[in-house]
Structure formats: C-alpha cells, structure tokens
Amino acid sequence: MNWFIKQIRKEEWSPYAAGILLGIVGILTVVLTDKVLNAPKLLGASGGFENIAAYIGKAINPSNTYFNYVMPPGMTFAVILLVGIFFGGMLGAFSSRTLKFRTMDDEQWKMIFGKRTWKRWLVLFVGAIVLEYAAGIAGGCTSGLAISGGMLLVPAAFLFIAGMFMSGIVTALIIYGKRF
Amino acid sequence: MSIILPLLLGVVFGFALNKAGLTKYHKIVNQFRLNDMAVLKFMLTALVVAMLGLYPLHALGVINFPTVPATYVVGNLVGGLIFGVGMALAGFCPGTCVAGAGEGKVDYLVPGILGFLTGAVIYGLTYDKVFPKISAIANYGNVTLPELWHINPYLAILVFTIMALVLFYLIDRMGMQRKKK
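Going down the list, the protein sequences come from chains A and B. The first sequence: position 18 = 59 (the numbering used here), numbered continuously. The second sequence: position 5 = 27 (the numbering used here), numbered continuously.
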C-alpha cells in the first residue's frame, strides 16, 4: 500500500507505466461504451473542440455544412471527455502536489523563445489553431487518430504518425538551429 | 451513464498524460529533437497494450468495434505533416493542452484552449473547400489494415509488438537517442 501511494505521488512515471495505463483506458473506452451505451466509441480530443466551436460557427454561418451535418453543436461524448481530461490533469498534479496556477513554467521555453509572456501566448494560440486545423484534415489528433486508430490497426493512424514525426523533427531543427 | 462514463474515462486519460510528463513543453519538443523518447515510448506502449486487449475481445465476441477513423492517404498524411509543425512549435496537442490546463497552466488554459476553438471554427467554415477534395484522393473508407491487406490481425499485432520491443531495446540499451544539450 505504501508503495502504491508513493507511486501515485510521483510527479513523473516511466513512460512505459503511463503507456500501459493509457492502453487500458483505450480498451475500457471501447468495452464500456459498447456494453453500457450500446454504441462503441473511441477516445479523442480534437472532436470535442469542434462540437463546442460549432455554437460559434453556426452563429457566423447558420447554413454551414460542417457544423450542421458533420460536427453539430452539443454536449457530446467528446466534449464530456475533454472535461474529464481537464480534471484528470488536475488530479495528476494534485497527487504530486504540483497543482498551481502558473504561467511561463518551462525553462527550456525561456531559453529558446525568451521570457516574454505575450510571445508564449501568441505562439501557443497560433500553434493551437494549426493543430486543430490539421486534425480536421487528418480526421483526428494524437488521441482520436494516432492512439484510437492505431490500436485498431487503422492505416490512417500510421500515416498520421509518420507525417507528424517527420514535420515535427524538421520544425524542431529549424527552431533550435545549432542547439538542435 | 452517458455523462459519468466519458467523464471517468477522460479523468484517467488526463491522469496518464500528466504522469507521462506530456503536459510539459520540453517533453514534447525534445521528442522531436530525439533526445527524450518518452512520447514515442508512451504511445507505442499504449498501442501494443490496447491491440493485445481489443482484438482478442472482438474475436471472442465480447465487444463490437466502433466505426474506425477513415483512411484517405493524402489527407491523413498532409494533416499529420501540418500537425507536427504545430506540435513542435507549441509543445502540446489537443489532449495534453487540456490536461495541462487542469494542472493550472494558464498558458494552456487561455491561449491554448482559445486557439483550439478558433482553429475548429476556421476549419468548419472552410470545410467545404478543403475536405471533400483532399479526402477523395486514395480513399479506402473506414477500414483496418488486416481488412485492407487481407492479413491475419494477430500476425499484424505480433509484428507491431516485436517492432516496438526492438525499438525500446535500441533506445534504452543501445543508446539510440541523442545526448541532451
């Protein structure tokens, strides 16, 4: 029991241990949604943002195809999943006593981009737009496509992962230059 | 149940992301610098575990598979290529940003989440001009690799598992990882 509490309180686990937990969540998601909701579903994150954004999108263009027929507004499974992920992050930080309101908490970021908060906010805002748009084109993000698709051996997931690693490495090389 | 279930699944998912350290900028970007392989180890381990659970459960008739994500070669690949740029730039992805926001990271909570919502609005409003064209190229529909290539899924899982284990061995024992600077 002491061992268990010690593990829970650790700030960081071995990626293998955390990966096993994620794999189990992946299995449980399919099993429980199939058994309890009679509609098997997958984990995902980018889709939830689309269901929320649909409220805004429909206000801008009421006859828009996407927000009427593909991703309509609503408190869907994906949206509630996002709320859960939020509290999961909170629980994790709470367990390791690192839960705290903070900005600019990454030393490596400061080394590369400097100490200005507005610069970080701008890069994160633009980066998030790029990520969400890309997830739309690809049909999902790291969770909804790479993990959820990959665990069912879907070709799309492996194409996505390959693309993501290739351009991620090139982008890091450009940003870090000699420090890569 | 339709609320409690996704909430609980999300909590464990977010908890795993936190414990894996993926809610940190340097953890994500150092994967792309190839001097911290945690993201790759985390993802591949999750994939292997989930494959080994889901396919046998399906074969035993315990579960039905959900509709799988659609494969349209160019769109999946181009989407991944753009995604990698954003991920190496911001150091998060949609899931890790939300989990990080829950940890109290205001940088993730405000510009991060607002950015994802903005991106989703822009995508939805331009969907008609982009998606039908790109998803029409080499579209195989909602298919899995074993179905597409007519191979035994367990053979595919075995090959994938061996590849993952070999990669883990090369990283951890053979030092196939760049030195930290």
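Glycine included, each C-beta is placed from N, C-alpha and C at the ideal position. Everything numeric in this text was worked out from a predicted model, so none of it was measured.
What are the boundary residues of the beta strand (DSSP E) that includes residue i?
i: G32 of chain B; result: Taken as a continuous stretch (DSSP letters only), G32 of chain B belongs to no beta strand (DSSP E), being part of the alpha helix (DSSP H) at I26 to K41.
i: N98 of chain B; result: No beta strand (DSSP E) holds N98 of chain B; the alpha helix (DSSP H) holding it covers V95 to A112.
i: G163 of chain B; result: N161 to G163
Cα-Cα, which of the options is closest to residue i?
i: R138 of chain A; options: A:W44, A:T74, A:T106 and A:Q48; result: A:Q48
i: I121 of chain A; options: B:V33, B:T183 and B:A186; result: B:V33
i: M112 of chain A; options: A:F154, A:V124, A:A94 and A:L123; result: A:A94
i: L132 of chain A; options: B:M198, B:V61 and B:L29; result: B:L29
i: V124 of chain A; options: A:F45, A:P56, A:G88 and A:A198; result: A:G88
i: A178 of chain B; options: B:V100, B:L74 and B:G83; result: B:L74
i: M205 of chain A; options: B:I159, B:G134 and B:A110; result: B:A110
i: Y206 of chain B; options: A:V71, A:V171 and A:K82; result: The structure shown does not extend to residue 206 of chain B, since chain B is modelled only from 23 to 203, so the question has no answer here.
i: A213 of chain A; options: B:H48, B:L27 and B:I26; result: B:H48
i: P196 of chain A; options: B:L139, B:A123 and B:V165; result: B:V165
So residue i contacts chain B; which residues on that side make the cut at Cβ distance below 8 Å?
i: F201 of chain A; result: N98, L99, G101, G102 and F105
Determine the chain B residues that contact residue i at a beta-carbon separation under 7 Å, and present them in chain order.
i: K141 of chain A; result: G126
i: G191 of chain A; result: L69
i: R161 of chain A; result: D129
Are the C-beta atoms of residue i and some chain B residue less than 7 Å apart?
i: G129 of chain A; result: yes
i: S45 of chain A; result: Here residue 45 of chain A is Phe; the residue named in the question, Ser, does not match the sequence. Answer no: the Cβ-Cβ gap between F45 of chain A and chain B never drops below 7 Å.
i: F108 of chain A; result: yes
i: S104 of chain A; result: no
i: Y174 of chain A; result: yes
i: Q149 of chain A; result: yes
i: F166 of chain A; result: yes
i: A100 of chain A; result: no
Could you name the residues of chain A that residue i contacts, counting a contact when the two beta carbons are closer than 8 Å?
i: P31 of chain B; result: Looking at the sequence shown, residue 31 of chain B is not Pro but Leu. Near L31 of chain B (Cβ distances below 8 Å), the residues of chain A are V66, L69, T70, L73, L84, L122 and G125.
i: A42 of chain B; result: E53, W54, P56, A59, G60 and L63
i: T166 of chain B; result: L193, L194, V195 and P196
Would you kindly report the start and end of the unbroken alpha helix (DSSP H) that includes residue i?
i: N52 of chain B; result: Y47 to F54
i: W54 of chain A; result: Looking at the DSSP string, W54 of chain A is not in any alpha helix (DSSP H), and its letter there is neither H nor E.
i: C119 of chain B; result: P116 to G124
i: P78 of chain B; result: A60 to A81
i: N86 of chain B; result: Where N86 of chain B is concerned, there is no enclosing alpha helix (DSSP H), given that its DSSP letter is neither H nor E.
Can a CB atom of chain A be found closer than 7 Å to the CB of residue i?
i: L139 of chain B; result: yes
i: P91 of chain B; result: yes
i: N161 of chain B; result: no
i: M198 of chain B; result: no
With a cut-off of 8 Å on the beta carbons, I'd call residue i and residue j a contact; round off their distance for me.
i: I156 of chain B; j: I178 of chain A; result: 6 Å
i: N174 of chain B; j: P168 of chain B; result: 7 Å
i: A68 of chain B; j: G64 of chain A; result: 4 Å
i: F90 of chain A; j: G98 of chain A; result: Wrong, their Cβ atoms sit about 11 Å apart, outside the cutoff.
i: L56 of chain B; j: R200 of chain B; result: 5 Å
i: P234 of chain B; j: F166 of chain A; result: Shown here, chain B extends from 23 to 203; a query on residue 234 of chain B therefore has no answer.
Taking C-beta pairs closer than 7 Å, name the residues in chain A that residue i reaches, listed in chain order.
i: P175 of chain B; result: L194
i: M185 of chain B; result: The premise fails here: M185 of chain B is roughly 11 Å from chain A at the closest Cβ pair, so nothing lies under 7 Å.
Quick one: which chain B residues come within Cβ less than 9 Å of residue i?
i: G218 of chain A; result: Within chain B, no residue comes near G218 of chain A; the closest Cβ sits about 11 Å away, beyond 9 Å.
i: P81 of chain A; result: I85, N86, F87, P88 and T89
Anything in chain A within Cβ reach of residue i, meaning under 9 Å, just list it in chain order.
i: H48 of chain B; result: D147, E148, Q149 and W150
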